Amino acid sequence: MILNRFVGGPINEPRLKKVYLINNFEYTTCNYMCKYCFLGKISRDSCPVYQSRLSRIERQVEEYIGKYGLRSVKSILISPIGEPTLDPNLPTLLKYMKSYGVPVAIYTNGSRLVEDRIFKLLKQFDIVTVKFDTLRIDVIENLNKPNIKLDPEKIYYNLVKFRREYRGKLYLDVMLVDGYNDYREDLDELIAAIKTINPNKVFLNTPYYPNRGGARPPRNGTISYIYSRLTKFMPNRVEIIDYLPEPYSNKKIEDPIEEFIYLSTVNPMTVEDAYEYFKMFGLDPEETLEELIRLGDVEIVKWLDREYVIANVIARRLT
Ligand code: SF4
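Just add 58 to the spot in the sequence shown (first one is 1) and you have my numbering.
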């Protein structure tokens with residue numbers, strides 16, 4: 059898959075609310091292959107690195123922000139189709155994004171926090187969200203399927219250190235998956251670790267959208283168990299993610315269809331949200347969606363009890 063679009067939004071991102079979304083990759087590039095990944099199959103490479111095309115990204119961002127402004131945006135989020143720290147140009151990209159004067163956030167799987175250079179780089183972001191699903195190596199190997207040697211204890215140790223030294227906001231994102239990390243004793247271990255890390259916020263997430271490995275939400279009672287245990291020592295700092303990123307109304311968007319295809323590539327979207335999006339631009343929802351399917355731009359994917367609109371390039375990789 060080649061993606062030539064590097065900026066979109068604003069979207070209502072469940073953790074950060076109103077953000078512009080920056081994708082610095084043309085190809086999915088990740089050192090994990092999570093079962094619950096929305097991006098479908100990721101080709102295995104023993105040392106994936108992707109050097110982003112900075113001048114193209116900067117040109118697009120400048121043009122986009124020039125047209126649509128930044129006034130109502132809470133932050134700029136670097137969350138590409140893969141793991142952002144695998145981009146050697148990330149320090150330069152961060153410097154560029156910071157020049158706009160709004161908080162710059164990043165979403166990382168945390169695997170590279172153990173590297174001094176990445177640890178220091180992440181400290182320069184205003185908000186860092188780190189994936190933190192388990193402390194068990196066998197679960198990481200089965201659920202996240204890293205293609206590097208990982209030591210979860212070392213990642214945990216570095217997260218504790220990071221929290222102590224970092225002046226920005228640290229969020230943890232816990233993806234709970236049926237049969238992998240929803241056993242009580244493992245949850246208790248995870249809760250104790252979160253308590254020690256003491257992040258600004260914890261987001262409890264579940265794979266309720268179509269994904270690569272057929273990962274399913276955890277068994278009944280898991281979310282309420284972890285939520286009630288966590289809120290005892292960090293009240294008002296635990297949130298359950300129960301909706302997908304939604305596009306905001308932005309009447310200024312010149313090409314709402316191109317924007318829609320970009321958003322359906324980087325995020326799953328329900329059919330209902332897609333209809334709402336088309337209505338915002340005065341388009342007939344059903345006709346527009348049918349036309350996009352006919353043109354081969356998007357597909358409808360059924361998952362659990364809902365239907366999702368997903369860019370064709372992604373939908374093909376989910377099966
Ligand atoms: S969910 Fe994130 S970390 Fe996992 S494979 Fe997909 S892009 Fe990589």
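Glycine included, every Cβ here is placed at the ideal spot set by N, Cα and C. Every value quoted in this text rests on a predicted model; they were computed, and no experiment measured them.
Inset, instruction - Starting from phenylalanine 318, follow the alpha helix (DSSP H) in both directions and report where the run begins and ends. - result: 314 to 324
Legend entry - Same chain only: Cβ atoms within 7 angstroms of proline 303, ignoring 5 sequence neighbours per side: Excluding residues within five positions, the ones whose Cβ falls inside 7 angstroms are Ile69, Asn70, Glu71, Pro72, Asn325.
Inset, instruction - Would you check if the stretch 249 to 256 and the stretch 217 to 232 touch, i.e. whether three or more CB-CB distances between them fall below 8 angstroms? - result: Touching, per the Cβ criterion.
Inset, instruction - Name the two residues that bound the continuous beta strand (DSSP E) containing threonine 166. - result: Taken as a continuous stretch (DSSP letters only), the beta strand (DSSP E) holding threonine 166 covers 162 to 166.
Inset, instruction - Using the Cα positions of asparagine 370 and threonine 328, report the straight-line distance between them to the nearest angstrom. - result: 15 angstroms
Inset, instruction - Pair every Cβ in the stretch 116 to 132 with every Cβ in the stretch 173 to 187, then say whether three or more of these pairs are closer than 8 angstroms. - result: no
Legend entry - Buried/exposed call for tyrosine 301, threshold 16 Cβ in 10 Å: exposed
Legend entry - DSSP three-state assignment for methionine 155, whether helix, strand or coil: helix
Inset, instruction - Reducing DSSP to helix, strand and coil, say where asparagine 269 ends up. - result: Coil at asparagine 269, not helix or strand.
Legend entry - Nearest-angstrom Cα separation, counted from glycine 237 out to arginine 375: 24 angstroms
Inset, instruction - Could you say which of Met91, Gln109, Leu362, Tyr335 lies nearest to glutamate 84 if we only look at CA atoms? - result: That would be Gln109, whose Cα lies nearest to the Cα of glutamate 84.
Legend entry - Candidates Glu141, Ile60, Leu79, of which the one nearest glycine 67 by Cα: Leu79
Inset, instruction - Can you give me the start and stop residues for the alpha helix (DSSP H) that leucine 180 sits inside? - result: That run of the alpha helix (DSSP H) goes 174 to 180.
Legend entry - Which listed residue (Ser322, Ile185, Gly279, Arg364) has its alpha carbon closest to that of leucine 61: Ser322
Inset, instruction - Taking proline 293 as the reference, give the member of Lys259, Glu173, Ile115 with the closest Cα. - result: Lys259
Legend entry - valine 107, buried or exposed, once every other Cβ within 10 Å from all chains shown has been counted against 16: exposed
Inset, instruction - Helix, strand or coil for arginine 225, going by three-state DSSP, please let me know. - result: coil
Inset, instruction - Name the two residues that bound the continuous beta strand (DSSP E) containing leucine 137. - result: Rather than leucine, the amino acid found at residue 137 in this sequence is serine. Note, serine 137: premise wrong, no beta strand (DSSP E); not H, not E.
Inset, instruction - Output the distance between the C-alpha atoms of isoleucine 136 and arginine 242, rounded to the nearest integer angstrom. - result: 34 angstroms
Legend entry - Best match in Thr86, Tyr94, Asn81, Lys76 for proximity to glycine 272 [C-alpha to C-alpha]: Tyr94
Inset, instruction - May I ask whether a heavy atom of ligand 1 can be found less than 7 angstroms away from the beta carbon of isoleucine 176? - result: no
Legend entry - Other residues of its chain near lysine 76: CB distance less than 7 angstroms, five sequence neighbours each side excluded: Pro68, Asn70, Ser130, Val131, Lys132, Tyr306
Legend entry - CA nearest to the CA of asparagine 205, picked from Glu141, Thr150, Asp244: From the listed residues Glu141, Thr150, Asp244, the smallest Cα separation to asparagine 205 is found for Glu141.
Inset, instruction - Please indicate yes or no: does the CB of glutamate 84 lie closer than 7 angstroms to some heavy atom of ligand 1? - result: Outside the cutoff, so no.
Legend entry - CB-CB length for proline 276 against leucine 234, believed under 8 angstroms: 4 angstroms
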